[in-house]
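In the numbering used here, the protein residues as written are 11 to 209.
Glycine residues also receive a C-beta, built at the ideal position from the N, C-alpha and C atoms.
What follows is a short report on a single structure.
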Amino acid sequence: MVFDRFLSDFQPIFFIFFAFPGMPVNEITSAAEFDRILERADANRLILVDFFADWCGPCRAIAPIIEEYSSQYPNATFLKVNGDIVRELITRYRVNAYPTFIFFKNRQQIELIRGGNRAAILSTIQKHYSATPANPNAATDDEKRFLEQFVRYTGIRTAHTDEVYKALARSVMPEEIVEKMADGGDEKEVLRGKHSNSA
11 MVFDRFLSDF
21 QPIFFIFFAF
31 PGMPVNEITS
41 AAEFDRILER
51 ADANRLILVD
61 FFADWCGPCR
71 AIAPIIEEYS
81 SQYPNATFLK
91 VNGDIVRELI
101 TRYRVNAYPT
111 FIFFKNRQQI
121 ELIRGGNRAA
131 ILSTIQKHYS
141 ATPANPNAAT
151 DDEKRFLEQF
161 VRYTGIRTAH
171 TDEVYKALAR
181 SVMPEEIVEK
191 MADGGDEKEV
201 LRGKHSNSA
């Protein structure tokens with residue numbers, strides 16, 4: 011009965027997650043959101059950021075191509091940033107033309123392309139793309155986004171009784187928390203941030 015209520019509460023989320031896997035280019039709405047994505051990305055994951063503006067014709071022309079590439083390269087993260095909204099990132103990365111594509115890997119900027127040069131963008135993706143994550147057991151971006159929908163409802167991981175849910179929840183935990191638990195820290199205390207840093 012509890013599980014039935016759980017499923018009915020989350021039916022829209024399940025539908026969106028499983029019915030629309032072809033919406034992989036995510037729009038970033040803040041610098042903090044971008045920083046979180048960059049920080050949590052697997053070391054082998056290529057991140058392409060499309061800096062655009064609504065009024066930019068070349069931006070609109072290249073957008074479907076970027077969507078197509080995002081489907082062809084599933085172990086890369088494709089993001090877009092509206093320069094008129096997220097000014098902090100425009101300033102940080104010195105974007106002075108639209109579209110501008112900045113590529114990141116292992117939290118570092120590795121390439122920059124100004125303009126909608128389709129061949130240059132594809133060549134750069136192919137040059138840096140890795141189909142193998144550094145940690146093959148880590149959750150994918152889609153899995154992390156899906157699990158984040160449940161964070162406010164599940165609280166800490168120990169609330170789960172099913173081992174699969176525990177493993178999925180653990181896969182989205184920051185590495186330092188998992189390491190503290192592996193070092194013998196009390197799980198509940200570690201998750202509440204009360205575990206000491208002494209070894």
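- Segments assigned beta strand (DSSP E), at least 3 residues, entirely inside the region 38 to 86: 56 to 62
- Task: Give the C-beta separation of Y139 and Y103 to the nearest angstrom, bearing in mind that I take them to be a contact with Cβ-Cβ under 8 Å.
- Result: Between Y103 and Y139 the Cβ distance is about 21 Å, and since that is not below 8 Å, they are no contact.
- Query: With contact counted as at least three CB pairs below 8 Å, one residue from each stretch, are the region 58 to 66 and the region 89 to 102 in contact?
  - Reply: yes
- Three-way DSSP call (helix, strand, coil) for R97 in this model: helix
- Message: Strictly by DSSP, which residues pair up with E121?
- Response: F113
- Going by alpha carbons, who is nearest to C66 out of A107, K137, A129 and A51? A107
- Span separating the alpha-carbon of F44 from that of K190: 26 Å
- Task: Out of A51, A141 and I72, state which residue places its alpha-carbon closest to the alpha-carbon of R128.
- Result: I72
- Sequence-distant residues of the same chain with beta carbon closer than 6 Å to P225, five excluded per side: It is not possible to answer for residue 225, since the shown part of the chain is limited to 11 through 209.
- Query: From E37 to D193, what does the alpha carbon distance come to, in whole angstroms?
  - Reply: 38 Å
- Quick one: what's got a C-beta closer than 6 Å to E121's C-beta in the same chain, skipping five residues either side? F113 and T134
- Whole-number beta carbon distance between I47 and T87, since they are thought to touch under 8 Å: 7 Å
- Query: In terms of alpha-carbon separation, which member of I100, I131, K115 and K137 lies closest to I57?
  - Reply: K115
- Message: Please return the same chain residues whose Cβ sits closer than 7 Å to the Cβ of A130, not counting the five positions on each side in sequence.
- Response: I123
- Sequence-distant residues of its chain with Cβ nearer than 8 Å to P68 (five each side left out): Y108, P109, G125 and G126
- C-alpha distance - R50 paired with R117, whole-angstrom precision: 9 Å
- Beta carbon of I100, beta carbon of V35: below 9 Å? no
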